[in-house]
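Protein chains in written order, with the UniProt record's numbering: chain A, 1 to 147; chain B, 1 to 147.
Each residue gets a CB set at the ideal place from its N, CA and C atoms; glycine is no exception.
Okay, structure first, notes after.
Number of protein chains: 2
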Amino acid sequence: MKRLDEHQLAVWRAFVNAHAAVIERIEKDLSDQRKIPLTTYDVLVALYQSPDKKLRMTELAKHVVLTRSGLTRVVERLEREGFVKRERTEEDRRGAFAVLTREGKKAFLATWPTYADGIKNYFLSVLDEDERAAIERGLSKIYRSLI
Amino acid sequence: MKRLDEHQLAVWRAFVNAHAAVIERIEKDLSDQRKIPLTTYDVLVALYQSPDKKLRMTELAKHVVLTRSGLTRVVERLEREGFVKRERTEEDRRGAFAVLTREGKKAFLATWPTYADGIKNYFLSVLDEDERAAIERGLSKIYRSLI
DNA sequence: AAGAAATATTTGCTTAGTCAAATAAATGGG
DNA sequence: CCCATTTATTTGACTAAGCAAATATTTCTT
């Protein structure tokens, strides 16, 4: 591909604008309904989906869009709110697990419906089947090419 | 649409992950090459594309993903760096224009090649023509449905 | 087995950006 | 024409998150 023309740029703009708009809307719904925000949610899902409902900080950081130190802060907050706890282990005493608590699971389960509605209403329902397929295919390729 | 199945969720995940990955990559390239970051860039393009290379703060805020107060801070920074200046006007003395300076134009023009390369390499080039078309169509619809 | 190198996580400091209140000027209604 | 309301922007106080340095522990290397 040589140079960017207006057409190609339009694809990029659509991507960036749609993302900002959808995320903003979903965040607003979550906050209006006193649910946990998205970054927090991502941490809790990652824990929920892990076999023992716990993950090493480094592992956890890979699941979310955060640096390791950013994750430390988030987990700190979550610990204060009682949604996770840190668990030291004898195997490797440098680090810690973040463990999902019962409260954390509850918060996470309570949040999902709002989040899911957002995904449906602001994103999926606007797309027809072809678009969904193409988006999934294209954007997955992009993601894989970058990790 | 009733309930979210795995398939549909995969579309959403692809969208979110691709966005985070591509933006992160582009920001990194910009920073490595000592170019201005994306939010800053967005402000400068908006000004550059406006008829007189200047916009009221409120107008400008609509072009970028920032609240009005967020914009105040960014323009403050940009003013410190000499890329824009604030210009009061007699017509309406409540507010001010942000005006692109010669330096600002230079910074913006110098940044574009890096940005454009990122868009090409990390995003467009990975997609085939169908995917590009579908993404443009679908995501534009989404964006329009939300403004 | 001792020191060097690597790994896991946290901390201190700083920047970016938000919200709600403050300020300032313009406008509309009686 | 004056006051109440609205509009434009900034400010103060705060939260989120990043980077680089610090800390703690493990794993190599010889």
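Exercise. With DSSP collapsed to three states, give me the class of residue 27 of chain B.
Key: Here residue 27 of chain B corresponds to residue number 27 of the second sequence, with the count starting at 1. In this structure, residue 27 of chain B counts as helix in the three-state DSSP scheme.
Quiz prompt | Residue-chain proximity (residue 49 of chain A, chain B), Cβ-Cβ < 7 Å | solution = Residue 49 of chain A sits at position 49 when you count from the first residue of the first sequence. Among the residues facing chain B, residue 49 of chain A is not included, as its CB has no counterpart in that chain under 7 Å away.
Quiz item: Where do the N-terminal and C-terminal ends of the alpha helix (DSSP H) with residue 139 of chain A fall, by residue?
Solution: The sequence position of residue 139 of chain A within the first sequence is 139, counting from 1. Per DSSP, residue 139 of chain A belongs to the alpha helix (DSSP H) from 129-146.
Exercise. Compute the Euclidean distance between the alpha carbons of residue 59 of chain B and residue 41 of chain B, then round it to the nearest angstrom.
Key: For the purposes of this step, residue 59 of chain B is identified with residue 59 of the second sequence, where counting begins at 1. For the purposes of this step, residue 41 of chain B is identified with residue 41 of the second sequence, where counting begins at 1. Separation of residue 59 of chain B and residue 41 of chain B (C-alpha to C-alpha, rounded to the nearest whole angstrom) is 16 Å.
Quiz item: In chain order, what residues of the same chain lie with their CB nearer than 7 Å to the CB of residue 56 of chain A, ignoring the 5 residues before and after it?
Solution: Along the first sequence, one-based indexing puts residue 56 of chain A at 56. The answer, listed in chain order, is 95, 97.
Self-check item: Against chain B: residues of the region 18-46 of chain A by CB proximity under 7 Å
Solution: Cβ contacts with chain B: 18, 19, 20, 21, 22, 25.
Quiz prompt | Interface flag, residue 66 of chain B vs chain A, CB-CB below 7 Å | solution = Here residue 66 of chain B is taken as the residue at index 66 of the second sequence, counted from 1. Using beta-carbon distances, residue 66 of chain B does not count as an interface residue toward chain A, since no partner is under 7 Å.
Quiz prompt | residue 73 of chain A versus residue 73 of chain B - alpha carbon distance | solution = Looking up residue 73 of chain A in the first sequence gives position 73. Looking up residue 73 of chain B in the second sequence gives position 73. Straight across, the Cα-Cα distance linking residue 73 of chain A with residue 73 of chain B is about 25 Å.
Quiz item: On the three-state DSSP scale, how would you describe residue 97 of chain A?
Solution: To locate residue 97 of chain A, count along the first sequence from 1; it is residue 97. In the structure shown, residue 97 of chain A sits in a strand (DSSP, three-state: E or B).
Quiz prompt | Contacts of residue 116 of chain B in chain A (Cβ-Cβ under 9 Å) | solution = The residue given as residue 116 of chain B occupies position 116 in the second sequence. Under the 9 Å cutoff, chain A gives 3, 4, 9.
Quiz item: Of all the CB atoms in chain B, is at least one closer than 7 Å to the CB of residue 15 of chain A?
Solution: Mapped onto the first sequence, residue 15 of chain A falls at position 15. So yes, residue 15 of chain A belongs to the interface.
Self-check item: Sufficient close CB pairs (3 or more, under 8 Å) joining the region 115-122 of chain B to the region 15-29 of chain B
Solution: Enough Cβ pairs lie closer than 8 Å, so yes.
Quiz item: In the region 127-138 of chain B, which residues sit with their C-beta less than 9 Å from some C-beta in chain A, listed in chain order?
Solution: Only those residues of the region 127-138 of chain B whose C-beta falls short of 9 Å from the nearest C-beta of chain A are listed: 127, 128, 130, 131, 132, 133, 134, 135, 136, 137, 138.
Quiz item: Under a Cβ-count criterion, where at least 16 other Cβ atoms within 10 Å of its own Cβ denotes burial, should residue 132 of chain B be classed as buried or exposed?
Solution: Locating residue 132 of chain B in the second sequence gives position 132, counting from the first residue. In this structure residue 132 of chain B is buried. Its beta-carbon is surrounded by 16 or more other beta-carbon atoms within 10 angstroms.
Quiz item: How big is the Cα-Cα spacing for residue 70 of chain A and residue 19 of chain B?
Solution: To locate residue 70 of chain A, count along the first sequence from 1; it is residue 70. To locate residue 19 of chain B, count along the second sequence from 1; it is residue 19. Going from the Cα of residue 70 of chain A to the Cα of residue 19 of chain B covers about 19 Å.
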